[in-house]
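Participant: Numbered by this note's numbering, the letters in the sequence shown go through residues 265 to 575 in order.
I'd like to ask you about the structure that follows.
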Amino acid sequence: MEVIHLKYPHKLVASDVPYSLAVGFFDGVHSGHQKVIQAAIDNAVRLQCKSAVMTFDPHPSIVLGGRNEKVFYITPLEQKIEKLKELGVDTLFVVNFTSDFAKLSPESFVQYFVRGLNIKHVSAGFDFSFGAFGKGNMAMMQQLAGDDFGVTVVGKFEQENEKVSSTRIRQALQDGEMEQAHALLGRPFEVPGIVVHGDKRGRTMGFPTANVQPIEGSFVPSTGVYAVKILVQDEWHNGVCNVGYKPTFNDPSLKQLSIEVNIFEFDKNIYGEQVVVAWYKRIRSEQKFNGIEALIQQIELDKQQAIAFFQ
Numbered sequence: 265m266e267v268i269h270l271k272y273p274h275k276l277v278a279s280d281v282p283y284s285l286a287v288g289f290f291d292g293v294h295s296g297h298q299k300v301i302q303a304a305i306d307n308a309v310r311l312q313c314k315s316a317v318m319t320f321d322p323h324p325s326i327v328l329g330g331r332n333e334k335v336f337y338i339t340p341l342e343q344k345i346e347k348l349k350e351l352g353v354d355t356l357f358v359v360n361f362t363s364d365f366a367k368l369s370p371e372s373f374v375q376y377f378v379r380g381l382n383i384k385h386v387s388a389g390f391d392f393s394f395g396a397f398g399k400g401n402m403a404m405m406q407q408l409a410g411d412d413f414g415v416t417v418v419g420k421f422e423q424e425n426e427k428v429s430s431t432r433i434r435q436a437l438q439d440g441e442m443e444q445a446h447a448l449l450g451r452p453f454e455v456p457g458i459v460v461h462g463d464k465r466g467r468t469m470g471f472p473t474a475n476v477q478p479i480e481g482s483f484v485p486s487t488g489v490y491a492v493k494i495l496v497q498d499e500w501h502n503g504v505c506n507v508g509y510k511p512t513f514n515d516p517s518l519k520q521l522s523i524e525v526n527i528f529e530f531d532k533n534i535y536g537e538q539v540v541v542a543w544y545k546r547i548r549s550e551q552k553f554n555g556i557e558a559l560i561q562q563i564e565l566d567k568q569q570a571i572a573f574f575q
């Protein structure tokens, strides 16, 4: 998949290659997003042109303000690129979302980022908006298209009588509802990271762990113990993961979050390895124990629950 970075007004490209484009932020590349992307791919086949996706970076709220909390991505850009590759997209346009870009009128957005890119068909969700203050909607897109390009509006995609959305997925992750997040995403939620040195306390208790430092911007689920899979050297392994602050050992005022995975039937040194943690089920909340023996007993119970879940 070709990745092309665009920036208004300084870094734009004119294309001789015709495209069928899916446009949206697509955080999560969830099951609803995949409907939009598949529409673009289907139209590319019909029109005998290349399929493309247009996304934006960074998140618009970072530029526009209006949010006090730190913005986390369900899929950071590099992970989003990998997911789009897996879906079979030919080209990804990454538009740098800047103050100048945010001021574009809907008409200018279409001129530069649709006509200027030789887009023959645009697919987007029913609630996609574009242009300054989100004044452009899909009805306007159809009006602005004229005879120059086709437009497909993908309707609301629901589960349990509610729209599948990145907001719902974030809430599920915050609540530790990994099975719901899985259903909404159409796949397990994943956090890419790198294995770093920890305090190595788990090894002395008979439960060695991989201490995973997530890549910057990753959305880390709420604290607790989870049944997970971990991708190490292109191979998936089952495991049990603790996300939290290790209150049995640490001063509660020291808020250093850790992600520690006990990988079942695994005995290799993997420091420095890039890994992916896939989250399947929350087993329990993090808690403080009265001594190491009580903690060891609970970890063994957690491990058996995770083994039973994967069986």
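Ideal Cβ positions, reconstructed from N, Cα and C, are used throughout, including at glycine.
Can you find the residues in the same chain that come closer than 8 Å, C-beta to C-beta, to residue 436, ignoring five residues on each side of it along the sequence?
Facilitator: As a working mapping, residue 436 is identified with position 172 in the sequence shown. Result list for residue 436: 442, 444, 445 and 448, in chain order.
Participant: Determine whether the beta carbon atoms of residue 572 and residue 527 lie at a separation below 9 Å.
Facilitator: Mapped onto the sequence shown, residue 572 falls at position 308. Mapped onto the sequence shown, residue 527 falls at position 263. Not closer than 9 Å, so no.
Participant: If the criterion is Cβ atoms closer than 9 Å, does the pair residue 486 and residue 289 meet it?
Facilitator: In the sequence shown, the residue the question calls residue 486 occupies position 222. In the sequence shown, the residue the question calls residue 289 occupies position 25. No. Outside cutoff.
Participant: Between the stretch 297 to 310 and the stretch 382 to 392, can you find at least three pairs of beta-carbon atoms closer than 8 Å?
Facilitator: In short, these stretches touch, since the Cβ pair count reaches three.
Participant: Which residue or residues does DSSP assign as beta-bridge partners of residue 250?
Facilitator: What is shown of the chain runs 265 to 575, which leaves residue 250 out entirely.
Participant: Could you give the first and the last residue of the continuous alpha helix (DSSP H) run that contains residue 295?
Facilitator: As a position in the sequence shown, residue 295 is number 31, starting the count at 1. Taken as a continuous stretch (DSSP letters only), the alpha helix (DSSP H) holding residue 295 covers 295 to 311.
Participant: Identify which residue in 500, 325 and 523 has its Cα closest to the Cα of residue 509.
Facilitator: One-based indexing of the sequence shown puts residue 509 at position 245. That would be 523, whose Cα lies nearest to the Cα of residue 509.
Participant: Within 10 Å of its beta-carbon, does residue 454 have 16 or more other beta-carbons around it, so buried, or fewer, so exposed?
Facilitator: The residue you call residue 454 lines up with position 190 of the sequence shown. Result: buried.
Participant: Taking three-plus beta-carbon pairs below 8 Å as touching, is the stretch 285 to 303 in contact with the stretch 348 to 355?
Facilitator: yes
Participant: Using only the alpha-carbon positions, how far apart do residue 398 and residue 495 sit?
Facilitator: Taking the first residue of the sequence shown as 1, we reach residue 398 at position 134. Taking the first residue of the sequence shown as 1, we reach residue 495 at position 231. Their Cα atoms are separated by approximately 39 Å.
Participant: May I ask you to report which of helix, strand or coil DSSP gives residue 269?
Facilitator: Working through the sequence shown from its first residue, we reach residue 269 at position 5. Strand, per DSSP.
Participant: Let me check one thing: in DSSP terms, what residues is residue 388 bridge-paired to?
Facilitator: The sequence position of residue 388 within the sequence shown is 124, counting from 1. In DSSP, residue 388 forms a bridge with 417.
Participant: Excluding the five sequence neighbours on either side, which residues of its own chain have a C-beta within less than 7 Å of the C-beta of residue 367, listed in chain order?
Facilitator: In the sequence shown, residue 367 corresponds to position 103, counting from 1. Result list for residue 367: 396, in chain order.
Participant: Would you mind reading off the limits of the alpha helix (DSSP H) that contains residue 565?
Facilitator: In the sequence shown, the residue the question calls residue 565 occupies position 301. Run containing residue 565: 556 to 574, per the alpha helix (DSSP H) assignment.
Participant: In whole angstroms, what is the alpha-carbon distance linking residue 575 and residue 371?
Facilitator: On the sequence shown, residue 575 is found 311 positions in, with the first residue counted as 1. On the sequence shown, residue 371 is found 107 positions in, with the first residue counted as 1. Approximately 55 Å between the Cα atoms of the pair.
Participant: To the nearest angstrom, report how far apart residue 569 and residue 491 are at their CA atoms.
Facilitator: Within the sequence shown, the letter at position 305 stands for residue 569. Within the sequence shown, the letter at position 227 stands for residue 491. Approximately 8 Å between the Cα atoms of the pair.
Participant: Under the three-state reduction of DSSP, which class applies to residue 380: helix, strand or coil?
Facilitator: Looking up residue 380 in the sequence shown gives position 116. Three-state DSSP puts residue 380 in a helix.
Participant: Spatial neighbours of residue 440 within its chain, please: C-beta separation below 7 Å, excluding the five flanking residues on both sides.
Facilitator: As a working mapping, residue 440 is identified with position 176 in the sequence shown. Contacts found: 485, 486, 488 and 546.
Participant: Report the residue from 542, 503 and 394 whose alpha carbon sits nearest the alpha carbon of residue 339.
Facilitator: One-based indexing of the sequence shown puts residue 339 at position 75. Checking every option, the nearest Cα to that of residue 339 belongs to 542.
Participant: Looking at residue 357 and residue 319, is the spacing between their C-beta atoms short of 9 Å?
Facilitator: The count along the sequence shown starts at 1 and reaches residue 319 at position 55. The count along the sequence shown starts at 1 and reaches residue 357 at position 93. With contacts defined by Cβ atoms closer than 9 Å, residue 319 and residue 357 form a contacting pair.
Participant: Excluding five sequence neighbours on each side, which residues of the same chain lie with their C-beta closer than 7 Å to the C-beta of residue 281?
Facilitator: Taking the sequence shown and counting its residues from 1, one reaches residue 281 at position 17. Counting only Cβ-Cβ distances below 7 Å, and skipping sequence neighbours, we find 314 and 382.
Participant: If we ignore side chains and look at the alpha-carbon of each, how far apart do residue 539 and residue 532 end up?
Facilitator: For the purposes of this step, residue 539 is taken as residue 275 along the sequence shown, with counting starting at 1. For the purposes of this step, residue 532 is taken as residue 268 along the sequence shown, with counting starting at 1. Cα-Cα distance, rounded: 14 Å.
Participant: Taking the C-alpha atoms as reference points, what is the distance between residue 402 and residue 375?
Facilitator: To locate residue 402, count along the sequence shown from 1; it is residue 138. To locate residue 375, count along the sequence shown from 1; it is residue 111. Taking the straight line joining both Cα atoms gives about 15 Å.
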